[in-house]
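For the sequence shown, this note's numbering assigns the number 105 to the initial residue and increments by one for each residue that follows. No residue lacks a Cβ here, since even glycine has one placed at the ideal position from N, Cα and C. The model shown is predicted, which means the values in this text are computed figures rather than measured ones. What follows is a short report on a single structure.
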Amino acid sequence: MTIRYIDRLLSPSSVVVVGASARPGSVGATVWRNLRSGPFNGPVYGVNPRHTELDGVPIFATLDRLPAVPDLALICTPASTVSALVGQLGQLGTRAAVIITAGLSAEDKRAALSAARPFTLRLLGPNCLGVLSPHIGLNASFAHTDALAGDVAFVSQSGALVTAVLDWTRSHGVGLSHLISLGDHLDVDFGDLLDHLASDARTRSILLYVESIESPRKFMSAARAAARNKPVIVVKAGRAGHGVKAAASHTGALAGSDKVYDAAIRRAGMLRVDTLQELFIAAETLSRFRGNSCATLSIMTNGGGAGVMAADAAAHQGVVLSEPGAALMAQLDAVLPAHWSRANPIDIIGDAPIERYTQTLSALLADESAGAVLFLHAPTAIVRSEDIARACLPLVRANTDRVMSAWLGEDAVAQARRRFQEAGVADYATPEEAVRAFAMLQTYRRNQATLMEMPSAGPTVTPDLAAVQASLDAAMAQGREWLDEQDVRALLAAYGIATVTSATVAATPQAAVEAAHRLGYPVTLKILSPDITHKSDVGGVRLGLDSDVALTDAVNAMLQAVHAARPQARIDGFTLQTMVRRPHAHELIVGASVDPVFGPVLLFGQGGTAVEVIDDTAMALPPLNRALARELVSRTRVAKLLAGYRDRPPAQLDALCDVLVAVSRMQADLPAMAELDINPLWLDEDGALALDARVRLSLAPVSGASRFAILPYPTQWVRECLWDGRKLLIRPIRPEDEMQHRRFLESLAPEDVRLRIFYSRHDLPRSELARLTQIDYDREMAFVAEAADEQGSPQTLGVARALSDPDGVEAEFAIIVRSDLKGRGLGTLLFERLIEHARHRGTCRLVGFVLHENTRMLSLARAMGLRADPGDGSDPGTVRMVLDMKDCPAAAPAARE
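This is the structure:
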């Protein structure tokens, strides 16, 4: 529906319990008791026709008898009553309700949602535990205990997990900003809550327990926006891939739902963990240690065993331990006993006095090449642990972004651990836990880097789309689900993917011999059948045939094997190819398929006939560019082989990335492409070559850019025009525009920056530039006006930007033109394009906040049809200008999914 009124759900000023009860053990009684016994200081009402009072509080028979309109309603009545109550609450003016009731049928749910829609009444649940917001003392749930107030938000699809997390957080002293049980998420879902929590000042990190996603575009858009602001950590249940349907291609068989979820979480810049314990370890790490950017780790320990355990964990997690340089070794030799480890882990020996701790830690922190420092300590009788912590505090306070700690033990180190935690140090119970946390941080940084990538869906090699589509249409008209080999080779070639060009088709054994004479021996022989997709599985492939006799024998043996394995299969003949010899080539697989949740997805991994057995594959969401393609490749084991080893030179990785990018562009261009396998794809120092490929089509569109979970760069909005006697390009902004955008902002007069951006800081940090150029096209648009300078290099002359609310009802605009170009119509051109885009998207209101003194912008806005909103007095220094597009079409379904 909309993200509006989520604040009424999470921070209400008044609450009503519908179904409040005194019956012990009932949901209504438990919710009433939790709400009344907590420190929530707003009005709490109860509705139940069987009671006149509970706990000395008046209870009302019906909703219309309430003395005031409550912000939030908690519904604890039978399923059959819910939809009518929702309608009554909407008419009353309540804008948020938690349906705690379980057992609603599909018809009950539809009725409740229909009753809520006219009033934009937000529904959480049904079948949920409720909501806790400890900062206002709200326990609107039937949980067994309250939550501690803090800055971590937890959203869960499992009510049982909510209670488990409540126990865990209380016992570990972890405070929560909000705890939300989604239940069946009839209305309010992960996307709504991520959008709200992303800007919630009380929330520093967001934890999610996810079982399923039903609105992938909405989820990805909200997750990407939230992950730019604060850490988002996910536990996704179902790693076993339950419910994955069988598919005809290798790609379809390997593309388990869990791998796709993993790809989506990575691409959104979030962090995935496996357990609830890891969920809170990650929250601790990203809250306290997020600023660390070290690639390596130094381990400082007073016990060799603890250091070895940490080093073993580092090897298992892929964490690189720093190698102490000569200068650092000299410093350590000067302060440590002669028999110290002289390596990383740095064992300062169990009899270490306080000075040895501080001197060693100081030396490590003074050397940037030492990386992050893991401070390990096991209690001894030599020096009190608390005294060690107190002495080290000045060092760790100044370096909380480089120090992690693990005080091993309980009572003997409790005060030392507390002192480090109060100083802001990320602390862990064991060496393994600390190393795992460091590995999580590295994964998080990689995911954040992928979040910043926004590639185009347009091809670098421009295919003849009309010819490609005609070939696919012809195949579907003939009732063919799979393209034949000639069509597949033509399709790959159209997108710049090299194939074996010397190939021919033979209908009979004799024709096969004649074809081999034309091609030249040795040749490869393959069965040609519309009913057989995996030829090797039925003996349908023979390699290295070097004579007529060998070819004839192979043809006869192949026919026998195929008839035995697939007696009903139609045999159209044989495909012959010149035998290609590339001794250093790696066999890889590149594929595309359509996930039932996230839509088009890509697969890469080690290929060959044993691809499912090897299962060395990774998934990614399109669109891709080279950077994202490299990240996808890096998540496989075969990536290490591609770097070269022994006598095998490094493979041409850019060629592989170009194939992956080309396939992602096929997915954008070809809605009928349901599955694609390129297996094997050979890759070596000379490039990539597709030896075999198959493509499955679907009559109903299943792919295409509109079905991507992440909208690609919208090339359809790139336009050329003439302005002021110059060629002008008006196009959506790109991530690659960062430096060009910086130069544009630097060219602006300070007064123009202040008038349009409301601040005078001239030099934006890179993080802010990234936010301005790496936008989510599903909810934001920024058009740049670009022309060539005197040297022919592109330069930005102006920018028009609109940021939509997550459901596309209203978008806020801003326009800025280079200071020396004002008054020449450029702002009008940009404004026209922004309005055109807003209408196309289905935005109903375009609004802008303009300073009273910015008369030029106010005049332009009025000329474009905007009017001042007299009812908005939020800021006396600004005017809220509004364009009400009453005739705008409804938002496109793809944009709202």
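{"Check": "Does the separation of the CB atoms of I837 and L934 fall below 8 Å?", "Outcome": "no"}
{"Check": "What is the C-beta distance between A510 and Q421, in whole angstroms, given that I count them as a contact (C-beta under 8 Å)?", "Outcome": "At roughly 15 Å, the Cβ-Cβ gap does not stay under 8 Å, so A510 and Q421 are not in contact."}
{"Check": "Entirely within the stretch 142-177 and at least 3 residues each: give me those beta strand (DSSP E) ranges in chain order.", "Outcome": "148-151, 161-164"}
{"Check": "Ignoring anything shorter than 3 residues, give me the beta strand (DSSP E) runs that lie fully in the stretch 712-778, in order along the chain.", "Outcome": "721-724"}
{"Check": "Buried or exposed for G829, going by 16 or more other Cβ atoms inside 10 Å?", "Outcome": "exposed"}
{"Check": "Pick from G808, D751, R750: whose alpha carbon is nearest that of A778?", "Outcome": "G808"}
{"Check": "Which residues in the same chain as L787 place their Cβ atom closer than 6 Å to its Cβ, once the five residues preceding and following it in sequence are excluded?", "Outcome": "H690, L692, A755, L760"}
{"Check": "Check whether the stretch 818-827 touches the stretch 724-735, counting contact only when three or more Cβ pairs, one atom from each stretch, lie closer than 8 Å.", "Outcome": "no"}
{"Check": "Here's the rule: buried if 16 or more other CB atoms are within 10 angstroms of the residue's CB, otherwise exposed. What is Y863?", "Outcome": "Note that Y863 scores 41 on pLDDT, short of 50, meaning its location in the model is unreliable; the coordinates nonetheless yield the value given after this. That one is exposed."}
{"Check": "Would you please state the rounded distance, in angstroms, between the beta carbons of D471 and L497? I believe it to be under 8 Å.", "Outcome": "Actually they are not in contact, since the Cβ atoms of D471 and L497 sit about 20 Å apart, beyond 8 Å."}
{"Check": "Extract the residue ranges of the alpha helix (DSSP H) inside the stretch 392-458, only unbroken runs of 4 or more that lie entirely within it.", "Outcome": "408-421, 430-439"}
{"Check": "So what does DSSP say about Y881, is it helix, strand or coil?", "Outcome": "coil"}
{"Check": "Would S62 and A766 qualify as a contact pair, given that the criterion is a beta-carbon distance under 8 Å?", "Outcome": "This structure leaves residue 62 out entirely; the chain is present only between 105 and 1001."}
{"Check": "Ignore the nearest five residues each way along the sequence and tell me which others in P535's own chain have a CB closer than 7 Å to its CB.", "Outcome": "A410, M413, A414, A417, L480, A510"}
{"Check": "At which residue ranges does the stretch 251-334 contain complete alpha helix (DSSP H) runs of 4 or more residues, listed in the order of the chain?", "Outcome": "263-276, 294-302, 320-333"}
{"Check": "Return helix, strand or coil for H941, following the three-state DSSP convention.", "Outcome": "helix"}
{"Check": "Rounded C-beta distance between R392 and V338? I'm assuming under 8 Å.", "Outcome": "Actually they are not in contact, since the Cβ atoms of R392 and V338 sit about 20 Å apart, beyond 8 Å."}
{"Check": "Beta-carbon within less than 8 Å of I492's beta-carbon, same chain only, minus the 5 sequence neighbours each way: which residues are those?", "Outcome": "I458, Y461, H481, A520"}
{"Check": "Only counting the same chain, and skipping five residues up and downstream in sequence, which positions put a Cβ closer than 6 Å to that of V659?", "Outcome": "P613, A616"}
{"Check": "Thinking V921 and L930 are a contact (beta carbons under 8 Å), I'd like their distance in whole angstroms, please.", "Outcome": "5 Å"}
{"Check": "Rounded to a whole number of angstroms, what is the C-alpha to C-alpha distance between E940 and A918?", "Outcome": "15 Å"}
{"Check": "Find the nearest neighbour of H274 within the set A467, V161, D250, L283, judged by alpha-carbon distance.", "Outcome": "The amino acid occupying residue 274 in the given sequence is Arg; His does not appear at that position. When each option's Cα is compared against that of R274, the closest is D250."}
{"Check": "Starting from N660, follow the alpha helix (DSSP H) in both directions and report where the run begins and ends.", "Outcome": "652-669"}
{"Check": "Quick one: is S309 buried, meaning 16 or more other Cβ sit within 10 Å of its Cβ, or exposed?", "Outcome": "buried"}
{"Check": "Pull up the DSSP beta-bridge partners for V122, would you.", "Outcome": "V151, I179"}
{"Check": "Drop a sphere of 10 angstroms on the beta-carbon of V684, count the other beta-carbons inside from all chains shown, and report buried for 16 or more, exposed for fewer.", "Outcome": "exposed"}
{"Check": "Which of the three DSSP states, helix, strand or coil, is assigned to H845?", "Outcome": "helix"}
{"Check": "Would you say the stretch 698-715 touches the stretch 670-689, given that touching needs at least three Cβ pairs under 8 Å?", "Outcome": "no"}
{"Check": "Buried or exposed: where does D577 fall if 16 or more other Cβ atoms within 10 Å of its Cβ makes it buried?", "Outcome": "exposed"}
{"Check": "According to DSSP, M961 sits in a beta bridge with which residue or residues?", "Outcome": "Note: M961 sits in no beta bridge, so no partner."}
{"Check": "Could you tell me the alpha carbon to alpha carbon distance between T156 and H248, rounded to whole angstroms?", "Outcome": "26 Å"}
{"Check": "Measuring only the C-alpha atoms, how far is V148 from T307?", "Outcome": "25 Å"}
{"Check": "What separation, rounded to the nearest whole angstrom, lies between the Cα atoms of Q546 and L113?", "Outcome": "35 Å"}
{"Check": "Where does G931 fall in DSSP's three states?", "Outcome": "helix"}
{"Check": "What do you get for L478, buried or exposed, if any count of 16 or more other CB atoms within 10 angstroms of its CB means buried?", "Outcome": "buried"}
{"Check": "Check A352 in the structure and name its three-state DSSP category.", "Outcome": "Residue placement at A352 cannot be trusted, given a pLDDT of 49 that sits under 50; what the coordinates show is reported in the next sentence. Coil at A352, not helix or strand."}
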